[in-house]
Every structure is written in C-alpha cells, then in structure tokens.
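Numbering (UniProt numbering), first residue to last: 1 to 948.
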Amino acid sequence: MSVSASASTSQTSICSSSQGVSRTASELSVDQELLAVPPPNSAAAAASAVTYPQQGPQDPQTVSSQESLDTSLCSTGSLGSLGSLGEPLDSAETPSVSDGGSMHTVTSLESNAVMSRPIKGYAVIEVRSRAKVEKIRASLFNSSDLIGLSSLEGEEELMELTNEEILTASSVNQSLFDTQGSSALEDYFLDKSVRGDKLVPGARDVLTDIFKSCVHSEQMLSLTPAKPVKVSDIYLSKEQINAQTPGNLLHTFFTNVRPAKKVLEDQLTQILRKYGTPKPNKNKYSKAGKEQHQGKVVSTKRPITKPPTKEKSVLNSVRTALSEKKTVLKPKSPEKSRPDEKDVEKSPAKKTEVPEEKYLTLEGFHKFAVDRAKQDIRSVWRAILACGYDLHFERCTCIDTRHAQKACRKWGLEMDVALVQYINRLCRHLAITPARLHPHEVYLDSSDIADPRVACLLNVPVESLRLRFALLQSLNNTLESFFLPLVELRQTQTYQNSIAALLCEAKGLIFYDTKVTVMNRVLNATVQRTADHAAPEITLDPLEIVGGEIRSSENTYFCQAARQLSCVPSSQLCVKLASGGDPTYAFNIRFTGEEVHGTSGSFRHFLWQVCKELQSSALSLLLPCPSAAANRNKGKYILTPCPISYAEEQLLHFFGQLLGIAIRADVPLPLDLLGSFWKGLVGESLDPEQDLQEADVLTYNYVKKFENVSDETELEALCAEISSQHHSGESPDSPSRPYCTFTYITMTGEEVELCQGGRNLTVSWENKDVYARAVRSLRLRELQNAECMTAVRAGLGSIIPLQLLTMLIPIEMELRTCGLPYINLEFLKAHTMYQVGLMETDQHIEFFWTALEMFTQEELCKFIKFACNQERIPFTCPCKDGGPDTAHVPPYPMKIAPPDGAAGQPDSRYIRVETCMFMVKLPQYTSLDVMLEKLRYAIHYREDPLSG
Numbered sequence: 001m002s003v004s005a006s007a008s009t010s011q012t013s014i015c016s017s018s019q020g021v022s023r024t025a026s027e028l029s030v031d032q033e034l035l036a037v038p039p040p041n042s043a044a045a046a047a048s049a050v051t052y053p054q055q056g057p058q059d060p061q062t063v064s065s066q067e068s069l070d071t072s073l074c075s076t077g078s079l080g081s082l083g084s085l086g087e088p089l090d091s092a093e094t095p096s097v098s099d100g101g102s103m104h105t106v107t108s109l110e111s112n113a114v115m116s117r118p119i120k121g122y123a124v125i126e127v128r129s130r131a132k133v134e135k136i137r138a139s140l141f142n143s144s145d146l147i148g149l150s151s152l153e154g155e156e157e158l159m160e161l162t163n164e165e166i167l168t169a170s171s172v173n174q175s176l177f178d179t180q181g182s183s184a185l186e187d188y189f190l191d192k193s194v195r196g197d198k199l200v201p202g203a204r205d206v207l208t209d210i211f212k213s214c215v216h217s218e219q220m221l222s223l224t225p226a227k228p229v230k231v232s233d234i235y236l237s238k239e240q241i242n243a244q245t246p247g248n249l250l251h252t253f254f255t256n257v258r259p260a261k262k263v264l265e266d267q268l269t270q271i272l273r274k275y276g277t278p279k280p281n282k283n284k285y286s287k288a289g290k291e292q293h294q295g296k297v298v299s300t301k302r303p304i305t306k307p308p309t310k311e312k313s314v315l316n317s318v319r320t321a322l323s324e325k326k327t328v329l330k331p332k333s334p335e336k337s338r339p340d341e342k343d344v345e346k347s348p349a350k351k352t353e354v355p356e357e358k359y360l361t362l363e364g365f366h367k368f369a370v371d372r373a374k375q376d377i378r379s380v381w382r383a384i385l386a387c388g389y390d391l392h393f394e395r396c397t398c399i400d401t402r403h404a405q406k407a408c409r410k411w412g413l414e415m416d417v418a419l420v421q422y423i424n425r426l427c428r429h430l431a432i433t434p435a436r437l438h439p440h441e442v443y444l445d446s447s448d449i450a451d452p453r454v455a456c457l458l459n460v461p462v463e464s465l466r467l468r469f470a471l472l473q474s475l476n477n478t479l480e481s482f483f484l485p486l487v488e489l490r491q492t493q494t495y496q497n498s499i500a501a502l503l504c505e506a507k508g509l510i511f512y513d514t515k516v517t518v519m520n521r522v523l524n525a526t527v528q529r530t531a532d533h534a535a536p537e538i539t540l541d542p543l544e545i546v547g548g549e550i551r552s553s554e555n556t557y558f559c560q561a562a563r564q565l566s567c568v569p570s571s572q573l574c575v576k577l578a579s580g581g582d583p584t585y586a587f588n589i590r591f592t593g594e595e596v597h598g599t600s601g602s603f604r605h606f607l608w609q610v611c612k613e614l615q616s617s618a619l620s621l622l623l624p625c626p627s628a629a630a631n632r633n634k635g636k637y638i639l640t641p642c643p644i645s646y647a648e649e650q651l652l653h654f655f656g657q658l659l660g661i662a663i664r665a666d667v668p669l670p671l672d673l674l675g676s677f678w679k680g681l682v683g684e685s686l687d688p689e690q691d692l693q694e695a696d697v698l699t700y701n702y703v704k705k706f707e708n709v710s711d712e713t714e715l716e717a718l719c720a721e722i723s724s725q726h727h728s729g730e731s732p733d734s735p736s737r738p739y740c741t742f743t744y745i746t747m748t749g750e751e752v753e754l755c756q757g758g759r760n761l762t763v764s765w766e767n768k769d770v771y772a773r774a775v776r777s778l779r780l781r782e783l784q785n786a787e788c789m790t791a792v793r794a795g796l797g798s799i800i801p802l803q804l805l806t807m808l809i810p811i812e813m814e815l816r817t818c819g820l821p822y823i824n825l826e827f828l829k830a831h832t833m834y835q836v837g838l839m840e841t842d843q844h845i846e847f848f849w850t851a852l853e854m855f856t857q858e859e860l861c862k863f864i865k866f867a868c869n870q871e872r873i874p875f876t877c878p879c880k881d882g883g884p885d886t887a888h889v890p891p892y893p894m895k896i897a898p899p900d901g902a903a904g905q906p907d908s909r910y911i912r913v914e915t916c917m918f919m920v921k922l923p924q925y926t927s928l929d930v931m932l933e934k935l936r937y938a939i940h941y942r943e944d945p946l947s948g
C-alpha cells in the first residue's frame, strides 16, 4: 500500500458521523493509525512544524471511502488543545492512503494564533489490515508533502532532523493501553463517546446493552421462562453487578474501568453510594419475596426461581454482620462486645443507623460513564473493547461460550467453503496470508453484498463470522504444521478409505496459501537436478514466425521445443522453485542469430509465445469454447475432443510438462482454459448441468427443450423446427411428419450416432428422454476427453507429483498455473525499486504511475509483456508472510532506472527495458502527455521477433 500526496479541501471533526465508515478491530487488532507532528520545542522543531493559513469556521464533515482515503493534516494550537473549529486545508497539503478505509481529523486554533505561527497536527486513518501498518508508516515517512518542508524557514536545521522526529505514527488501539499516550487521542476518544454532558447515541446504546446483560445472564440460568423486563424497572445491587455469571458484561465493564490498584468491590461500593438510588417499594411484592430475592444477580419485578446456596447465604450473613459492626464503637474487650452485639440486634434505634441500600439504574450507569470518561476516557474505552465491541460501537465478538456454541450450530459445509473462498480473495487483495489476518479484520462490506459467492453469508452476524474464521485459521495452522506433512497424498480413486480421500472431500476448508505452502515444500523436496548439473539447452529459430504468421505447425516454438526435449529425461526438468535474481529454470533458450544476455527474459518470452500458439489455429490441441457462438465464454479453450495419433499424444504430454515447468518456474501462463479442463486435471467429476451450460450453452438449451416437452404436439413442433434447421427428411413411417434421429453433431462438426443404429431410430414421445440423456452424455464425454487428459496428466506428473492435486480445487489449480488474468497496479507499485538516485516523488516517476493508472487492463498486460516478457505477473511474494522485501519471486521487483547516457532532450528519447531484470529505463519526460505517448508507442510496437 502506498501513501502519496493528493488534493483535498475537506476538514472534519472527530467522529462527527459514522456513515460510510468501515469497521475497525477490537483491542487485539491494529487497524488504525495516529499521525502526529510533534509540538515545536526548539528552533529547528519550530521550522519543521506545518503551518496553515487561518480560515473561517466551517461545518464539520466526515470523509470516508472504500477505494481511496484522504488523510488531512489537522492543525491544533501550540498547547495541543482541541476544539470544534474546522478550517479548510490548502489543496497541496494533503497526503492520501490508497487503501479502503476511513479518516477522522480534528482541528483547533487558539484565539491569539497568528498565520505564520508553527502548529502541530494529527490525523487518524483506518486501514483494513494491521499487516499494512508498517507499509503505511514507511510511505508516510517518504512522503514529500509531509516530510519535504524545504520551503519553511530553518531549512538547515530541518535537514539535521530525522523523519521520525518530524512525524510520528502509532496505533490507536494500542494507545488505549499506553499510560503515556498522546493527549490528542484522549480528545479523540472523548469526542467519539461524549458530547457535553450526554453520551453519543452509539455509546448510549452499547452501555445500555452492557447494563441489560446483567439481567439477561441471570435469566439464562433460570429454569422457567422469563418475562420481559423494562429497563426502567431494573435495579442492580452490588452483589448482582459483581456476579461472575456467563454473559454478565457489566462485571467485565467495571473490572476494566476500575483503577489498577483498587479492589472491584470497594469500587462498586463507591459507585453505588454516588450514583445509586434506593429501590422503590411496591405493594405487589411480598415481604418474604423481597427478602428471598435480596442479594441475587437480577433485581427485577419477576421472582427468582433459583434459591441461593447455603454457603452464599452464610457469606451474605457474615457480610451483613460486618457492615452492622461498623456503626458500633469498638469494644474494649471481647466480653463487652458480645452484649453490645445483642443490644444492636434488640435496639430498634441502632437499626435506623444502617445506611439504606442503594441500587444502580440505567440512568445512574450512564451518568457514571460520562463522569468517568471526563476523568479517564481510556479506561472507559478499554472496558467497551473488553465487552466485545469495536471502535465503532459494533459487536465484534461473542458474549460467552453459550452464544458462541449457538452461533456455530448454524454453520454448514457450504458456508465454510464460501467463507474460505472469501478469505482467499480478501488476502489476495491485501497481499497477505490468512495467517496474518486477524479475525476482527473479517467482515463483509458493501461491495461484497452483491457477490453471489457469499450469498449464504449475508445474514450471518459478524461475531459469528469472525469466530468461524478463527476456527478455520486454527485448523489450517494445524494442518500446515503437523498434519499435511505426515499424510500420504495417494490417489483417491485407488484408496477410497485413505486419509487423502477424506482430505479430498474437505479440501474446500483449507486456505489456498496453506496448500501452496505445503505444495512448495514438496516441490523443493522432489528436485532431481541440482545446481551442479548443466541445464538442457534448446535452439529456436525466430525467423520461422516472422510477421506473426506461422507457415506450419512444425515451425512453431511449441513443436521445435517438443522435438528437442523429447530425448531429455524428465528428471532433468525437475528443478527448485524459482527464487532470487538469477533463478534456475528447467532449460535454457538460445535464439538463432541472436546474443541474449541472461536466461530469464528469453525463457519467459518462450512460454508466452507457446501459449499464443496453443490458442491459435497453428496447433489443433485446443478448441475454442462452443459457447462462444452464443457470446458466452469468448476466448476460452478446451482440449480438442477427437481421437489422437501418437504424435499428438506426445505433444499433449509435452503440454502437460509445460504446465509443471511453469509451476516450478512460478511464471503464470497466459492460458484461458475452461473450468472443465481444470476439473479433469485435478480429477474432479463434471457437473452435468453447470459444466455443460458453460461449455456449450446451445446444446444445453437443446437438451432442455426435449426434457421440458409436455405433449406430443409440442414434440412434433420441436422436431419440425430442428428438421428445418438441419434439412432433415420426412419420417419413413409418416411421410408428412417431420422427425429427428438419434444422431448429433460433435464439437468438431461431425455427425455421430448416439446409439447403435441411431440414424434409423427416430425420436418419439416414448424415447425423447433417452434421446436428451444421450445428447448430454455425448457432450460430457467430449468435455472429459479422457484420452487427451490422460496424456496431459502424464506429462504433468513427470514434473510435479500428481498427489499434490488431491488438495487443490479446479480454480486453485488454475490460479497456481496461470495466475490472475489482470494486473494489480497497487501490488506492482508496492514492489518497485528505484535505482541510481531516483525517488518515487520525482515528477517523471509520478507521471509514469499516473499514466499506468489511465491504462486499460489490456494495455497494462502489454506493458508487462514489454517490460519482462510475460503478460501476467505472480501475485505471490515472500512479503505476504511478513518476510523481507528483498527475497522476491522473479521477475519482481520491478526496477526503474535512468536511461543510458545523457545525450539529447528527454522528450525525444524512448523507453528501453531489460526484460531479464524487469528493469524500465525511463527518461525524465517533461509532461504527462509525453509520458503517455512514449509508453503507448513502446507497448504497441514491441512486436520485434528478433528481440530477446
């Protein structure tokens, strides 16, 4: 994630509204950041502070967005006082964070502040994942708008300061537990919870729920159904509040809000003395009833059915006796004390001296919360978070184990699989692994509601969603660390009762990153060619494909490589996973008549060219999807369903080897294959409905017509329609009646019989269902294409163990082999290095990224092909696991360097690249228009068949 400067004229007061603000994590999650400029305490520091011209007050607003985030610097007085006065900022003084989230700022100026006086400011921003905190902090420290204050006075003193001394960043959640936190944050939390002498609506609702939980927890222990109780009728005693029953959040609240060195019981006594009220007497309750219910957890109108235990009654009697002793002078001897105790019991005058017991009401609890917030707002927020709420007053955890168990009963396998797939997509977007995702960072936002893949999760409470993710996260951690390395992943068709067979049924519960981690371990453990052995080398003639037209299939790169590698043992192609700047690939490429430095660029170009050939008419191994005739799944391909010769079988075997080679090289292949292909590759059976509709929607509709025919007249009309389209003859039995026979057209255009003697068998009302099943079965056999798929799997199995496919679902196998069909520009920008003195804040570098943001996905793919000889880039990187950014997956990181030499005007020079190193040599163009022109020229005229 990057942070850069952008224009903004909005100014906000803290939490003036919560509309459109995404959720944050609870106390254990870090997804908010505090950005603060320290107050000036020296001449140098004064020069480093940010100044803004004072403007008139404006109405506070809240700025929030899921796509982009403007983080406005806010000004305060030199003493750090915060108020409600807002001022617009200058259009060039605003950093922005390009990740979904929200922002809160506060401004205030002293009455005697002057325009040129240095001031300090801070802003609170919200990000989705705590794993992005360090990247945001690094981006802020590199921001020219925040740190580059060269126009201010005292530039020489400013240069001696570090970025950390100019700008500090800390997490908001962690500041609640920091005794030396920022005073500005206290005003931030106070403004979120209290306005004047009243609680904000969100805080009032949360505290009301916490107060009522004391009653609900006792009702859950009752054996009889409880009647509804009005909040105004609830009077809670000290024993009730202090009861540690499951679900009593009031006890949790007071435990966390109390001072560190104070006993909870003493704290409750003081609170009841100040904020409690006497319980009103009501005639409909008997005296015995009052005495029976005194000291219970719930003090409401309904009677308590569960009597107190004997031990608790004795303890309450002792406490009562001790409290009564406090009103009597201490006797000089034990002998004299005993009569005094008896006198106390007998004397009615002594009883009146006992203070009247007070109870806590909702009004008193709210008043206590307001007063406590003004004294120590951090303790109030610590208590709210401990009760399971987040910084937006939304429940994010289950109340107790009973609540959690009840929520888990509603989950099924379909919901678990949907949640796992959603987490996989979320982690791809955030570029982290599920292990680094905190449960409190899991929620469905507005963009997810319209996704049909999460339709079964829409009505699930967020606390149940997070609890289920925590369970799946723990399961995957155990599988990755202990279970999967010990499991023999043998073929499930052979051993139906093996652990691998059971794992295959539950593979939808395993995160994609968990599978990839185990898969990479196995691939590195099955290396058969070490670094000591020389890599096989093949020679290709690029002149055979000059002009983009291939004269015959034998001249393609695919066939040239297949012929030369046919005599190379497959063990020589099993190499270690590609890593580092100079990875080891399965074989090296040499082009006739060329001198290419390095092997990475030519190898990636070879894979790109081979994929282009496979999806063209030059080779007949793949067939365009028949649904493309109905404008569906255009550009998708399937294996050509026809009998194959030995030569074609060898080519399919080599095609499978290329899939395995690309997996070990971590080079995504630009192949657009239909989902039925990947199902066959991992050994899953096809869906008769969904897969047929995806592959051949015309045949699917044709079959449905016969299945939905209601009478013979409708069947006759359908046969007449089909006969007119296919110019069929009349029925031999009824010359005037059109007919259909048991034949159908294959995907390759041949008419075949659906059964023996099918050409002589007409479709009638009695056998129409048999005909429909036969047509469907024909198409499914063509999609399965067992003969061709066996050859492809054999080639794949010679490079990687086929047992690994037991864990993968079809879409994950496609993702592992072909990557994503689009370019994530933010991910690319986060993995870019600037060399030879260049910086991200340079003007021509900003022109470069702005130009790429204006490109379409097709143009972005062409730029990646121009820069590193492959259209798709891997979205995986060691930094996903929190590792160093230096150990990238080739060809990452992208490098931007100045052009070679300094001759000529920059606008007259062209962009050059070194594809092996993914290096772009970028001239210092003077405008965005020139940058766009040069980039488009480079990506559209890169088709040079003689370039390496």
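No residue lacks a Cβ here, since even glycine has one placed at the ideal position from N, Cα and C.
These figures come from a predicted structure and were not determined experimentally.
Among C574, A561, S617, C861, which residue has its Cα nearest to the Cα of A586?
For this step, residue 586 is matched to residue 586 along the sequence shown. Measuring from the Cα of A586, the nearest candidate turns out to be C574.
How is the beta strand (DSSP E) around I745 delimited, first residue to last?
Here residue 745 refers to the residue found at position 745 when the sequence shown is read from its first residue. Per DSSP, I745 belongs to the beta strand (DSSP E) from 743-745.
With DSSP run on the structure shown, which of helix, strand or coil describes E853?
Sequence index remark: in the sequence shown, residue 853 carries index 853 (1-based). E853: helix per DSSP, three-state reduction.
When the Cα of S777 is compared with those of Y744, V763, G797, which residue comes out closest?
To locate residue 777, count along the sequence shown from 1; it is residue 777. It is Y744 whose Cα lies nearest to the Cα of S777.
Is P810 closer than 8 Å to E684 when the C-beta atoms are compared?
By one-based count along the sequence shown, residue 684 stands at place 684. By one-based count along the sequence shown, residue 810 stands at place 810. The answer is yes: Cβ separation under 8 Å.
Suppose contacts are defined by Cβ-Cβ distances below 8 Å. Is D416 in contact with L472 by that definition?
Along the sequence shown, read from residue 1 onward, the residue named residue 416 stands at position 416. Along the sequence shown, read from residue 1 onward, the residue named residue 472 stands at position 472. The answer is yes: Cβ separation under 8 Å.
Considering only residues of the same chain and omitting the five flanking positions on each side of R425, which have a CB-CB separation below 6 Å?
Here the question's residue 425 lines up with position 425 in the sequence shown. None.
Relative to the alpha-carbon of I384, which residue among R664, L437, L250 has its alpha-carbon at the smallest distance?
Counting from 1 along the sequence shown, the entry for residue 384 is found at position 384. Per the Cα distances, L250.
Would you tell me roughly how many angstroms separate the C-alpha atoms of T699 and A774, rounded to the nearest one?
Taking the first residue of the sequence shown as position 1, residue 699 is located at position 699. Taking the first residue of the sequence shown as position 1, residue 774 is located at position 774. The straight-line gap from Cα to Cα measures roughly 12 Å.
Regarding A455 and the ligand COA, is the C-beta to nearest heavy atom distance less than 7 Å?
With respect to small molecules bound, the structure shown includes none, and the ligand COA cannot be examined in it.
When the distance is taken between beta carbons, is S237 closer than 8 Å to Y359?
In the sequence shown, residue 359 corresponds to position 359, counting from 1. In the sequence shown, residue 237 corresponds to position 237, counting from 1. Taking 8 Å as the Cβ cut-off, Y359 and S237 qualify as a contacting pair.
Provide the residue(s) that pair with V920 in DSSP beta bridges, ordered along the chain.
Mapped onto the sequence shown, residue 920 falls at position 920. Paired residues: I896, V913.
Is the CB-CB distance between L780 and L674 below 8 Å?
What you label residue 780 is simply residue 780 of the sequence shown in a count that begins at 1. What you label residue 674 is simply residue 674 of the sequence shown in a count that begins at 1. No. Outside cutoff.
When burial is assigned at 16 or more other CB atoms within 10 Å of the CB, is D266 buried or exposed?
By one-based count along the sequence shown, residue 266 stands at place 266. Label assigned to D266: exposed.
Please report the straight-line C-alpha distance between A647 and P668, rounded to a whole angstrom.
Counting from one through the sequence shown, the residue named residue 647 turns up at place 647. Counting from one through the sequence shown, the residue named residue 668 turns up at place 668. Roughly 27 Å between the two C-alpha positions.
Nearest CA to the CA of I538: which residue from V460, K507, N588, T269?
Locating residue 538 in the sequence shown gives position 538, counting from the first residue. Of the candidates V460, K507, N588, T269, the one whose C-alpha sits nearest the C-alpha of I538 is N588.
Cα-Cα, which of F253, S724, Q803 is closest to L523?
Here residue 523 refers to the residue found at position 523 of the sequence shown. Of the candidates F253, S724, Q803, the one whose C-alpha sits nearest the C-alpha of L523 is Q803.
Who are the near neighbours of Q924 in its chain, counting only those whose CB is closer than 7 Å to its CB and skipping five residues on each side?
Position 924 of the sequence shown, counted from the first residue, corresponds to residue 924. H844, P906, listed in sequence order.
Pair every Cβ in the region 254-263 with every Cβ in the region 389-398, then say whether three or more of these pairs are closer than 8 Å.
no
Going straight from the alpha carbon of P452 to that of V460, what length do you get?
For this step, residue 452 is matched to residue 452 along the sequence shown. For this step, residue 460 is matched to residue 460 along the sequence shown. C-alpha separation (whole angstroms): 15 Å.
Please list, in chain order, all residues of the same chain as N633 whose beta carbon is under 7 Å from its beta carbon, the five residues on each side excluded.
For the purposes of this step, residue 633 is taken as the residue at position 633 of the sequence shown. If we look at N633 and ignore the five residues flanking it on each side, its Cβ neighbours are C625, S627, L674, E694.
Can you list, in chain order, the residues of its chain whose CB lies under 7 Å from that of R793, leaving out five sequence neighbours each side?
Here residue 793 refers to the residue found at position 793 of the sequence shown. Close CB contacts of R793 within its chain, under the 7 Å cut and outside five residues either way in sequence, are with G656, L681, L802 (chain order).
Spatial neighbours of L467 within its chain, please: C-beta separation below 8 Å, excluding the five flanking residues on both sides.
Counted from its first residue, the sequence shown places residue 467 at position 467. Contacts found: T397, C398, A404, A407, C408, P439.
Suppose you measure from the CA of S553 to the CA of A450; what does that come to, to the nearest Å?
What you label residue 553 is simply residue 553 of the sequence shown in a count that begins at 1. What you label residue 450 is simply residue 450 of the sequence shown in a count that begins at 1. In a straight line, the C-alpha of S553 is about 46 Å away from that of A450.
Is the region 365-377 in contact with the region 193-210, if contact means three or more CB pairs nearer than 8 Å?
yes
Taking the alpha-carbon positions, what's the I125 to N248 distance?
Here residue 125 corresponds to residue number 125 of the sequence shown, with the count starting at 1. Here residue 248 corresponds to residue number 248 of the sequence shown, with the count starting at 1. Rounded to whole angstroms, I125 to N248 spans 33 Å at the Cα level.
Which residues bound the alpha helix (DSSP H) around P624?
For the purposes of this step, residue 624 is taken as residue 624 along the sequence shown, with counting starting at 1. Premise fails: P624 lies in the beta strand (DSSP E), 622-624, not in any alpha helix (DSSP H).
Return helix, strand or coil for M1, following the three-state DSSP convention.
Start at 1 with the first residue of the sequence shown, and residue 1 comes out as number 1. In this predicted model, M1 has a pLDDT of only 34, less than 50, meaning its place in the structure is not dependable; the value taken from the coordinates is given anyway. M1 falls in the coil class under three-state DSSP.
DSSP three-state label for E265, please.
As a position in the sequence shown, residue 265 is number 265, starting the count at 1. Helix at E265.
Express the C-alpha separation of T517 and P225 in angstroms, rounding to a whole number.
For the purposes of this step, residue 225 is taken as the residue at position 225 of the sequence shown. For the purposes of this step, residue 517 is taken as the residue at position 517 of the sequence shown. So the alpha carbons of these two residues sit roughly 52 Å apart.
Span of the beta strand (DSSP E) holding T168?
Taking the sequence shown and counting its residues from 1, one reaches residue 168 at position 168. First-last of the beta strand (DSSP E) with T168: 168-171.
Going by alpha carbons, who is nearest to A662 out of E846, G593, M833, P874?
For the purposes of this step, residue 662 is taken as the residue at position 662 of the sequence shown. That would be P874, whose Cα lies nearest to the Cα of A662.
Cα-Cα, which of D711, H605, S616, S571 is closest to E766?
For the purposes of this step, residue 766 is taken as residue 766 along the sequence shown, with counting starting at 1. Considering only alpha carbons, the answer is D711.
Taking the straight line between their C-alpha atoms, what separation do you get for L69 and E826?
Stepping through the sequence shown from its first residue, residue 69 is reached at position 69. Stepping through the sequence shown from its first residue, residue 826 is reached at position 826. For L69, the predicted structure reports a pLDDT of 28, less than 50, and the residue's modelled location is therefore unreliable. A value from the coordinates is still provided. If you take the alpha carbons of L69 and E826, they lie about 14 Å apart.
Are R872 and L820 closer than 8 Å when you measure CB to CB?
The residue given as residue 872 occupies position 872 in the sequence shown. The residue given as residue 820 occupies position 820 in the sequence shown. Yes, the pair counts as a contact, with Cβ atoms nearer than the cut-off.
What residues in its chain sit with their C-beta under 8 Å from that of V527, if we drop five residues either side in the sequence?
What you label residue 527 is simply residue 527 of the sequence shown in a count that begins at 1. So the qualifying residues of the chain are C574, V575, K576.
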